[in-house]
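The sequence shown begins at 2 in the working numbering and counts up one residue at a time.
Here a beta-carbon is modelled for each residue, glycine too, at the ideal position from N, C-alpha and C.
Since we're looking at a predicted model, the values are computed, not measured.
Notes to accompany the following structure.
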Amino acid sequence: MSRSATARPPAPLTLGARGRYSRAMAARRELSLDEIRAGLKRLKYFTTPRVETAIFLAVNLEKPLLAEGPAGAGKTEIAKVLAELLETELVRLQCYEGLDEARALYEWNYQKQLLRIQSDQAENRAWRDVEEHIFSREYLLERPLLRAIAARRRVVLLIDEVDKADEEFEAFLLEVLSDFQVSIPELGTVRAEHRPVVVLTSNRARELSEALRRRCLHVYVDFPGPAVEAEIVARKVEGLDAALAQHVARFVAGLRKLELRKAPSIAETLDFARALVAMGARELDPAVVRSMSGLLLKHEEDLRKAEGKVSALVSAARG
Ligand SMILES: Nc1ncnc2c1ncn2[C@@H]1O[C@H](COP(=O)(O)OP(=O)(O)OP(=O)(O)O)[C@@H](O)[C@H]1O
Ligand SMILES: [Mg+2]
Numbered sequence: 002m003s004r005s006a007t008a009r010p011p012a013p014l015t016l017g018a019r020g021r022y023s024r025a026m027a028a029r030r031e032l033s034l035d036e037i038r039a040g041l042k043r044l045k046y047f048t049t050p051r052v053e054t055a056i057f058l059a060v061n062l063e064k065p066l067l068a069e070g071p072a073g074a075g076k077t078e079i080a081k082v083l084a085e086l087l088e089t090e091l092v093r094l095q096c097y098e099g100l101d102e103a104r105a106l107y108e109w110n111y112q113k114q115l116l117r118i119q120s121d122q123a124e125n126r127a128w129r130d131v132e133e134h135i136f137s138r139e140y141l142l143e144r145p146l147l148r149a150i151a152a153r154r155r156v157v158l159l160i161d162e163v164d165k166a167d168e169e170f171e172a173f174l175l176e177v178l179s180d181f182q183v184s185i186p187e188l189g190t191v192r193a194e195h196r197p198v199v200v201l202t203s204n205r206a207r208e209l210s211e212a213l214r215r216r217c218l219h220v221y222v223d224f225p226g227p228a229v230e231a232e233i234v235a236r237k238v239e240g241l242d243a244a245l246a247q248h249v250a251r252f253v254a255g256l257r258k259l260e261l262r263k264a265p266s267i268a269e270t271l272d273f274a275r276a277l278v279a280m281g282a283r284e285l286d287p288a289v290v291r292s293m294s295g296l297l298l299k300h301e302e303d304l305r306k307a308e309g310k311v312s313a314l315v316s317a318a319r320g
């Protein structure tokens, strides 16, 4: 769909209010490190001081946070808890191969435009009027990047698994992340009134460009260690004894050292612990563990690798 160069100057883009935005924490732009720490704990996100500091800096320096690390170590969760902590909306852009600007930024609602053209033609309206209608805000489909930029308050923008997107998309993303503004030829420029807090995650399926790394604050989110993981399990799994939570975390940490095809994630540790509660287990026992190992290990080769080591790992975990 083309439009003539004689179009009127772009009208200012006024965006409607979205969501309920009014709470105290979100209104404040700065939070102390202690507030961030306490907030993360309140929301049951337990991590290392390094990750806490990175989150604090991302919020206060308004710099995108690039979280890399193994699958299931809590990268995506950072954005989710941050949105809760700041009492704001989480806008998520899930990346995949072939993701393009139309899916990430905006596109015109062609179907709706065509219907409008037909009805305007039936009424013999001048093309200039038709154009004005069909290139107005009403016919724009906002995708996550535009939504985050145009939001009327600070939101959390999660750009998840950026390593799955193509390099060209990464270059485009760089532009957006440096200016926080989007130019829509038919409408004008939309500038972020409130820069979103941006969290990008990557599993390193491919190396990200140096330019993107430079633009971001980088944090490596690894499994937080058995002591912290025991805290996660104890706080998130109801009815689990604190000692058993520790044993579970140590057992899983032992499994992760076996160089498996897919190391168990924190979500899988939680599933395993919930299953123990459901089965009424009071302690880790090799037979029970073997019967439930499918909750932790999802590949036949990993199950075989761990099989002979379960007893030793269980007794080491029980210390
Ligand atoms: N530090 C943590 N504290 C509490 N819960 C956590 C923590 N890290 C992870 N979890 C739990 O583990 C689940 C998986 O975490 P998450 O989805 O963030 O992993 P990820 O690193 O994004 O994994 P992937 O690379 O597979 O996307 C979360 O839903 C959450 O319940
Ligand atoms: Mg994730």
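Check: Over what stretch of residues does the alpha helix (DSSP H) that includes Ala172 continue unbroken?
Finding: First-last of the alpha helix (DSSP H) with Ala172: 168 to 180.
Next item on the list: Helix, strand or coil for Ser184, going by three-state DSSP, please let me know.
Entry: In the structure shown, Ser184 adopts extended strand secondary structure according to DSSP, grouped into three states.
Item checked: Among Thr202, Val311, Leu241, Ala279, nearest to Gly73 - alpha-carbon criterion -> Nearest Cα to Gly73 within the set Thr202, Val311, Leu241, Ala279: Thr202.
Notebook entry, point to check: With DSSP run on the structure shown, which of helix, strand or coil describes Ser210?
Noted result: Ser210: coil per DSSP, three-state reduction.
Margin query: I'd like the span of the beta strand (DSSP E) that includes Tyr107, first residue to last.
Written below: Residues 107 to 109.
Check: Nearest-angstrom Cα distance between Leu178 and Arg216?
Finding: Each residue's Cα considered, the two are about 8 Å apart.
Next item on the list: Compare the C-alpha of Leu87 against each of Gly40, Ala127, Thr54 and name the closest.
Entry: Selected option, being the one with the closest Cα: Gly40.
Next item on the list: For Asp161, name the three-state secondary structure that DSSP assigns.
Entry: Asp161: strand per DSSP, three-state reduction.
Notebook entry, point to check: Hey, quick one: how far does the alpha helix (DSSP H) through His248 stretch, first residue to last?
Noted result: Unbroken alpha helix (DSSP H) run through His248: 243 to 257.
Next item on the list: Measure the alpha-carbon distance for Ser210 versus Glu194 and round it to whole angstroms.
Entry: In a straight line, the C-alpha of Ser210 is about 28 Å away from that of Glu194.
Check: Who does His1 pair with in a DSSP beta bridge?
Finding: The requested residue 1 does not occur in the structure, where the chain is confined to residues 2 to 320.
Checklist line | Three-state secondary structure assigned by DSSP to Ser120 | finding: Helix, per DSSP.
Check: Does DSSP put Arg291 in a helix, a strand or coil?
Finding: In this structure, Arg291 counts as helix in the three-state DSSP scheme.
Next item on the list: Please state whether DSSP places Ser203 in a helix, a strand or coil.
Entry: Look at Ser203 here: in three-state DSSP terms it is strand.
Check: Are Ile145 and Leu100 closer than 7 Å when you measure CB to CB?
Finding: The amino acid occupying residue 145 in the given sequence is Pro; Ile does not appear at that position. Contact: no.
Check: Does the Cβ of Lys263 lie closer than 6 Å to at least one heavy atom of ligand 2?
Finding: Because no heavy atom of ligand 2 lies under 6 Å away, the Cβ of Lys263 does not count as near it: no.
Notebook entry, point to check: When the Cα atoms are used, what is the spatial distance from Ile319 to Ala282?
Noted result: In the sequence under discussion, the amino acid at residue 319 is Arg, which differs from the Ile named in the question. Straight-line measurement puts the Cα of Ala282 at about 14 Å from the Cα of Arg319.
Next item on the list: Enumerate in chain order the residues of its own chain whose CB-to-CB distance from Thr54 is below 8 Å, with the five nearest sequence positions on each side excluded.
Entry: Only Leu34 meet the Cβ criterion.
Item checked: Paired residues, beta bridge with Leu91 - DSSP -> Looking at the DSSP output, Leu91 sits in a beta bridge with Val157.
Margin query: Applying the 10 Å Cβ sphere with the 16-neighbour rule, what's the burial state of Ala303?
Written below: Correcting the residue type first, residue 303 is Asp in the shown sequence and not Ala. By the neighbour-count definition (other C-beta atoms within 10 Å, threshold 16), Asp303 is a buried residue.
Next item on the list: Out of Val200, Asp164, Arg251, Glu139, point me to the one whose CA is closest to Ala317's CA.
Entry: For Ala317, the closest C-alpha among the options Val200, Asp164, Arg251, Glu139 is that of Arg251.
Checklist line | Residue from Arg51, Glu63, Ala172, Thr48 whose Cα sits closest to the Cα of Leu32 | finding: Nearest C-alpha to Leu32: Glu63.
Next item on the list: Would you mind sorting Gln119 into buried or exposed? The rule is 16 or more other CB atoms within 10 Å of its CB.
Entry: Exposed is the call here.
Notebook entry, point to check: Which residue or residues does DSSP assign as beta-bridge partners of Gly99?
Noted result: According to DSSP, which records beta bridges pairwise, Gly99 is partnered with nothing at all.
Checklist line | Residues of its chain near Ala84, where Cβ-Cβ distance is below 6 Å and the 5 sequence neighbours each way are ignored | finding: Its chain contains Leu91, Val157 as the residues whose beta carbon lies nearer than 6 Å to that of Ala84, once the 5 sequence neighbours on both sides are disregarded; these appear in chain order.
Check: Is the closest heavy atom of ligand 2 to the C-beta of Lys76 under 6 Å?
Finding: Taken from the Cβ of Lys76, at least one heavy atom of ligand 2 lies inside 6 Å.
Next item on the list: Could you spell out the range, first to last residue, of the beta strand (DSSP E) harbouring Thr190?
Entry: Where Thr190 is concerned, the enclosing beta strand (DSSP E) stretches over 189 to 192.
Check: Can you give the beta carbon distance from Pro265 to Arg275, rounded, assuming they're within the 8 Å contact cut?
Finding: Contact flag wrong, Cβ pair sits at about 14 Å.
Next item on the list: In the DSSP assignment, find the unbroken alpha helix (DSSP H) run with Leu146 in it and report its ends.
Entry: According to the DSSP assignment, Leu146 belongs to the alpha helix (DSSP H) that extends over 145 to 151.
Next item on the list: Could you check how far apart the C-beta atoms of Glu230 and Val253 are, in whole angstroms? I think they sit under 8 Å.
Entry: About 7 Å separates the two Cβ atoms, so the contact holds.
Next item on the list: Compare the C-alpha of Phe47 against each of Phe136, Ala235, Leu175, Glu284 and name the closest.
Entry: In this structure, Ala235 is the residue among Phe136, Ala235, Leu175, Glu284 with its C-alpha nearest to the C-alpha of Phe47.
Next item on the list: On the DSSP bridge assignment, give the partners of Val198 in chain order.
Entry: Answer by DSSP bridge pairing, in chain order: Val157.
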